[in-house]
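Read the structure below first, then the notes.
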Amino acid sequence: MAPMELILELTLMPLVAFLVGMMMVLMMRRIAAKIQRRVGPPLLQPLYDIVKLHSKRTQISHGLIHDIGIIMAMGGYIAAETLLPVPGMNGIAEKGGIITLLYLMMIPSLGLALGVGQCANPNGSIGIARALTAMLAYDIPLVIVIFGVAYAAGTTNLVDIIAQQQAGGFAAWGAVEMPLLAIAGLIAMHASLGKQPFEIYIAPAEIATGPMVEMSGKYLGGLFVMQCFQLYTTSVLYVSLFLGGGSTWFDFLLKSFLVLAIPVSIAYLFPRYRTEDLLRLMWKWPVMLGLIGVAFVL
Amino acid sequence: MILTSLDELLLFSGATLLVALILGRGLAVGWMVTILYGGQLLVLIKMAALGYSDATIHASISFEIMGQSLSWRFDALSWFFALITVASALLSSWFSCGEWERSFKQQGGNVWLYHSAMALNVFTMLILLASGDLLSLFIGWELVSWAGFLLMAMAGGVATRAAMRYITYAMAGGMAVFGGIALVYVAAGSLQYEAILTAVDQMSTTQLWMLVVMFGGGFGVKMGLLPFHLWQAPAYAETPGPGSAFLGAISSRMGLFAILLVLVKLFGIVNIDSLKIPFTLIDARDLLAWIAVFTIILPTFTAMNQNDARHLLAWHGIGQGGYMLLGVVVADAMGGAGGLLHIFNHATYQAALFMAVTAVIHRTGTSDLNKLGGLVVRMPLSFMVLLVGIIGLAGLPPMNGFVSKWLVYRSLLNEGMPLLFLAAVIGTLGTILSVYKLIHNIFLGQLRIEHEQVKEAPWSMMVPMLILAAIIFITGMFPGIPLAWVASVQEVVGLPATDYTLGGVESVSGSLDMIWVIGVLFAGFGIGAVIFYSAGRSKRVHQLDNYAGGHFLSADVRYQYSDNFYAGLMHLIGGWYRSSFLWLEKSVTSLVDFLSLVMQGLYRRANAEFYLLSTALFVIAWVVI
């Protein structure tokens with residue numbers, strides 16, 4: 000591939016992810032509004048919010064690591080997007096593969112954890128402790144699922160995994176071939192988004208929004224950007240593993256939004272779990288489904 | 000006589016020991032010893048051809064004892080381990096020069112003993128690594144065990160008790176190894192590697208089983224494999240700072256060296272694979288893999304519950320050993336490479352982490368995770384080193400620990416081992432939780448009022464730490480550098496060699512190129528920084544200017560979350576910590592106690608006639624039969 004073309008792809012992929020991610024935030028809010036019988040925000044509200052937060056007068060910094068944490072939270076996702084193939088663009092997906100992507104997606108969490116840590120607010124620290132515990136909960140079923148898919152495909156290269164599904168048509172989709180893994184993956188994905196009933200680390204009534212307690216202005220703005228990327232990455236990863244990726248942009252976006260709509264719709268119907276209940280749930284049902292699913296694949 | 004470069008290395012190492020012994024009470028001995036370690040490293044670099052080929056260098060000296068020849072030689076395997084040993088000794092020794100040494104002396108420490116014990120450790124390790132037959136291997140093994148004891152026991156008090164526990168385990172392990180060697184001698188008629196290699200094919204299953212158990216158990220004790228791991232964490236953690244960095248980096252890997260040499264190279268993974276356990280589906284190799292996996296998980300989750308930074312790190316040292324054994328036991332090209340590369344990677348970040356914690360102890364006087372906090376503003380460079388180290392330990396990009404763990408994961412995936420794969424990832428996740436607690440409780444959160452005047456660690460400590468941090472990052476970006484050595488080691492011990500590139504590995508089932516991954520990651524950070532800094536200017540506030548639910552904060556209010564850090568997790572899994580291994584250890588101890596009491600009672604009660612009679616009977620029986 001020509002270097003210029005690659006550079007173009009590496010620039011476009013995070014940009015697309017950001018734009019789509021903002022629309023996903025919008026969809027999430029609209030769904031919440033529908034369920035709560037409200038009108039919901041206008042089309043450009045996520046963009047307004049990001050611009051507003053970044054141009055606030057009050058920007059409270061608790062030190063350099065606080066700043067760097069936010070940069071890592073955004074930058075980690077920007078980098079991760081280049082490993083996630085979209086229609087027509089593979090970026091450097093073939094140089095990393097799915098395990099690298101999985102671990103690269105932990106960098107933003109690490110950055111956030113460091114930034115929150117320096118805020119010297121126990122509410123934030125408790126939030127991070129809970130967020131890491133949640134990660135321990137949902138990553139276990141998630142890696143079982145990823146093992147199953149990668150073993151069935153015989154590769155950790157996402158480009159190949161998508162190509163295999165598209166070559167075989169609908170019957171070759173991960174969700175059709177490995178339905179148990181697809182269900183387990185959906186549950187784990189829901190928990191990884193940190194939406195109700197799994198929002199144990201935000202918990203406004205207990206720990207004053209946890210990691211966000213000392214975040215003002217552009218710090219919160221950075222987290223907003225991170226959320227756009229997170230929604231995009233999670234749903235696109237699911238589409239790539241189970242729904243045959245996207246052959247066209249329309250196809251791709253339709254699947255991604257639909258997949259995301261499932262956990263988001265469920266989220267606004269439920270209150271919150273306790274930490275140990277989240278662990279218990281994640282380590283029982285999706286793990287069991289995943290292990291049975293893997294047994295079928297082996 | 001012309002000295003070979005191995006002679007030079009051993010002489011250099013012996014000279015280092017002599018200098019430490021003779022001049023150890025003089026001025027600047029630390030610097031002298033450090034320079035001599037540098038000399039050893041230069042000799043090793045002169046031998047660098049070993050790391051890229053399957054050549055061997057012999058020592059000029061060899062003995063003949065009771066028909067057994069004793070010889071010493073270096074190949075890629077020895078060179079790889081020796082490089083890590085000497086480099087960690089050099090950096091730990093450098094770290095201890097100057098200010099650390101002075102404060103150690105003020106606290107009543109014995110600097111002469113410290114330097115001599117370090118030099119002795121390096122010297123004996125090199126002798127072990129150079130062993131050319133099983134007899135010299137055993138001699139080296141015992142020397143290393145006792146040298147380690149000296150370093151661990153020197154701090155007195157708790158440290159001596161931990162060291163006594165260590166030497167008990169080590170002696171039991173040594174006995175098992177000796178028994179194994181006797182068995183090999185009976186079966187092969189020789190202790191030379193070549194003779195054993197040919198004899199292995201004729202051995203019966205029972206013989207092989209006994210050898211695997213005896214050598215695996217004996218060497219496993221040094222590595223801290225379950226269930227022989229209890230001695231390691233307290234023994235390493237209580238060793239004086241730079242000593243623990245050195246021990247944590249390489250000492251217990253001597254067990255892995257011996258396992259690689261005896262179980263993998265001499266017996267062969269294929270032979271071990273053929274040993275089935277009756278009535279089950281698993282064989283000896285699966286058994287080793289599962290031992291490795293439990294060695295990953297249990298110590299990692301024990302580490303998470305530690306409240307002392309040094310103990311937390313030492314427990315992780317045991318856990319990371321599991322990844323190395325796991326990779327080696329899976330034994331395909333990627334797994335072997337991952338396991339071997341992890342030895343190198345672990346040495347770099349573990350030394351850096353122990354040094355950073357020692358620097359904190361040097362400045363604040365404590366490593367209690369509930370008595371620190373907020374030090375990042377006072378010790379930013381130490382924070383950075385610790386951060387680099389924990390990213391390596393947790394196995395996240397962009398540091399080197401990620402590459403070796405990635406290789407292990409990939410091999411488990413290729414071989415279709417979901418449960419082992421899952422267990423390896425659980426270990427990593429547990430590590431992430433644990434190391435965040437480490438960095439949070441030391442460097443983040445609220446700065447205590449008594450630490451407001453703390454200064455950054457002195458440069459004599461900072462420079463070796465920064466060098467290690469640089470190595471961790473550079474070998475994370477260019478894993479091809481150590482992978483070249485690893486590939487030669489794989490060839491020497493008879494494992495398939497991996498197809499490496501400068502940036503990682505090339506494979507049809509998914510490649511890894513860290514140069515691209517890291518390049519993109521830093522480009523992402525750059526864009527993030529542009530977005531962040533192009534927004535409005537932020538205002539720096541004091542840590543007490545903080546949300547506290549309607550209360551005012553003042554300097555005397557402790558506003559920090561450090562104890563019972565993962566409370567929610569512990570609600571669920573807290574009850575699973577049952578100290579079963581402690582119970583096992585205690586029951587073995589009391590059994591031995593009981594037996595010795597019985598023996599003693601027999602001895603006291605019996606009279607001379609009884610002894611005479613029984614001896615006479617025994618002699619008659621022996622003659623007649």
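As you go down the protein sequences, you meet chains V and U in turn. Going by numbering that gives the first Met the number 0, 276 is the number at position 277 of the first sequence; the sequence numbering is gapless. Going by numbering that gives the first Met the number 0, 569 is the number at position 570 of the second sequence; the sequence numbering is gapless. Yeah, the Cβ is synthetic: ideal placement off N, Cα and C, and Gly gets one too.
Status (buried if at least 16 other CB within 10 Å, exposed otherwise) for residue i
i          : result
Thr-204(U) : exposed
Lys-283(V) : exposed
Met-253(U) : buried
Met-65(U)  : exposed
Ala-204(V) : exposed
His-464(U) : Strictly speaking, residue 464(U) in this sequence is Met, with His absent from that position. Classification for Met-464(U): buried.
Ser-381(U) : buried
Gly-25(U)  : exposed
Pro-262(V) : buried
Glu-505(U) : exposed
Asp-138(V) : buried
Trp-230(U) : buried
Gly-548(U) : exposed
His-65(V)  : buried
Phe-353(U) : buried
Val-269(U) : exposed
Trp-99(U)  : buried
Leu-601(U) : exposed
Pro-277(U) : exposed
Asp-592(U) : exposed
Thr-247(V) : exposed
Val-356(U) : buried
Tyr-610(U) : exposed
CB-CB length for residue i against residue j, believed under 8 Å
i          : j          : result
Gln-319(U) : His-361(U) : With a Cβ gap of about 25 Å, Gln-319(U) and His-361(U) do not count as contacting.
Tyr-76(V)  : Met-225(V) : 6 Å
Gly-326(U) : Gly-334(U) : 5 Å
Ala-118(U) : Leu-196(U) : Not quite, the Cβ-Cβ distance comes to about 35 Å (not below 8 Å), so this is no contact.
Val-507(U) : Lys-94(V)  : Not a contact, Cβ separation roughly 14 Å.
Thr-155(V) : Ile-98(V)  : 6 Å
Ile-160(V) : Leu-240(V) : 7 Å
Cross-strand partners of residue i (DSSP beta bridge)
i          : result
Leu-63(V)  : DSSP lists no partner for Leu-63(V).
Met-88(V)  : Val-85(V)
Tyr-499(U) : Val-504(U)
Arg-539(U) : Ser-60(V)
Gln-191(U) : Asp-132(U)
Thr-307(U) : Inspection of the sequence shows that residue 307(U) is occupied by Asp rather than by Thr. Looking at the DSSP assignment, Asp-307(U) forms a beta bridge with Asp-367(U).
Lys-275(U) : Asp-282(U)
Endpoints, the beta strand (DSSP E) within which residue i is located
i          : result
Gly-515(U) : A small fix is needed here, since residue 515(U) is Trp in this sequence, not Gly. No beta strand (DSSP E) contains Trp-515(U), which is instead part of the alpha helix (DSSP H) from 513-533.
Glu-63(U)  : 56-64
The alpha helix (DSSP H) enclosing residue i, as first and last residue numbers
i          : result
Phe-223(V) : 216-241
Ser-68(U)  : Element bounds for Ser-68(U): not the alpha helix (DSSP H) but the beta strand (DSSP E), 67-73.
Tyr-272(V) : Run containing Tyr-272(V): none; DSSP gives neither H nor E here.
Phe-675(U) : No answer is possible for residue 675(U): the residues shown for chain U start at 0 and end at 624.
Trp-289(U) : 283-303
Ala-136(V) : 121-152
Ile-98(V)  : 97-103
Arg-557(U) : Where Arg-557(U) is concerned, there is no enclosing alpha helix (DSSP H), given that its DSSP letter is neither H nor E.
Leu-421(U) : 417-442
Phe-218(U) : 204-222
Asn-413(U) : 399-413
Ser-4(U)   : 4-22
Taking one C-beta from the stretch 552-562 of chain U and one from the stretch 111-121 of chain V each time, how about it: are there three or more such pairs within less than 8 Å? yes
Under 8 Å, with one C-beta from each stretch per pair, do the stretch 222-241 of chain V and the stretch 6-22 of chain U reach the 3-pair mark? no
Under 8 Å: do the stretch 166-182 of chain V and the stretch 134-152 of chain V share three or more Cβ pairs, one atom per stretch? yes
Under 8 Å: do the stretch 227-242 of chain U and the stretch 296-315 of chain U share three or more Cβ pairs, one atom per stretch? yes
Taking 8 Å as the threshold, find out whether the stretch 83-100 of chain U comes into contact with the stretch 445-464 of chain U through three or more Cβ pairs. yes
Per the contact definition of three or more C-beta pairs closer than 8 Å, is the stretch 397-405 of chain U in contact with the stretch 441-461 of chain U? no
Taking 8 Å as the cut-off, does the stretch 258-278 of chain V touch the stretch 35-47 of chain U (at least 3 CB pairs, one atom from each stretch)? no
Check whether the stretch 56-76 of chain U touches the stretch 31-39 of chain U, taking contact to mean three or more Cβ pairs, one atom from each stretch, closer than 8 Å. no
Tell me whether the stretch 432-446 of chain U and the stretch 126-136 of chain V touch, counting them as touching only if at least three CB pairs, one residue from each stretch, are closer than 8 Å. yes
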